[in-house]
Amino acid sequence: MMRTSLLLAAVYAAVANADHTITLRNNCAFAVGMTISSFPHVGTDYTGPPIPDIEAGASFDLTVPTGWNGRICDHPPNSGCQNDCFGGIAFGEASCSMTEWNFDAASIGGQVDYDISNIQGFSVPQQIVPDSGCATVTCTTVDCDCGQAYRPGDISGTCGGTGPIDQATRTCPSTASYTVVYCP
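According to mature numbering (1 follows the signal peptide of the UniProt record, and there is no 0), the stretch in the sequence shown is residues -18 to -1, 1 to 166, in order.
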């Protein structure tokens, strides 16, 4: 019994310290320009190569490190969102949709938080699909349900003061891989 417990502890430690894969799949009829950011720089920074533009019908597998906390955003021309995914409506620029991630955070028991954010504006329909049966979130319009995405300008995270804080955020075991679908 003790060997089984030690084996399970070793397997958990190996899984909790593994990198994570996020597949970016473009179902749009146009190329999607992408930016990855480690903002707010409280976890492990992403130090890999930039994400290339993803052509219509193509996918890109992104590997992020254990403990990464950051954003992946669409950066349409003139959005300013190439720099830490800041820009969009708050800066008087074209909008940029993003997904936000918090991998392996001790504050959430080593799990993963994820959400779709339109706080900087809406530029492309998105969907996050975990591979583990955790909740899928989908936002295909600027005014999608607050339980699916943060709305434009909603920095309070309360659906414009009408709901509980962070209702768009989901939590999943850290073993999960994810697919972000553009134009689901």
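Ideal Cβ positions, reconstructed from N, Cα and C, are used throughout, including at glycine. Source: prediction; values computed, not measured.
Please state if the CB of residue j and the CB of residue i are separated by a distance shorter than 8 Å.
i    : j    : result
P22  : N51  : yes
V124 : D56  : no
S105 : P58  : yes
C116 : A158 : yes
N8   : Y160 : no
D148 : G142 : no
Which of the three DSSP states is assigned to residue i in this structure?
i    : result
I98  : strand
A88  : helix
S138 : coil
F42  : strand
Q93  : strand
Compare the Cα-Cα distances from residue i to each of the options and report the closest residue.
i    : options                 : result
P166 : P34, Q93, V119 and A158 : V119
S99  : R152, N9 and T144       : R152
C63  : T17, A11 and P112       : T17
I101 : T122, R7 and A131       : A131
A11  : S79, T144, G25 and G39  : G39
Q109 : V94, C126 and Q93       : C126
D113 : V94, T122 and G129      : V94
P34  : I54, G49, R133 and P47  : I54
P47  : G91, E37 and D86        : D86
Taking the continuous beta strand (DSSP E) assigned at residue i, which residues delimit it?
i    : result
T26  : Where T26 is concerned, there is no enclosing beta strand (DSSP E), given that its DSSP letter is neither H nor E.
Q108 : Q108 to P112
T5   : H2 to N8
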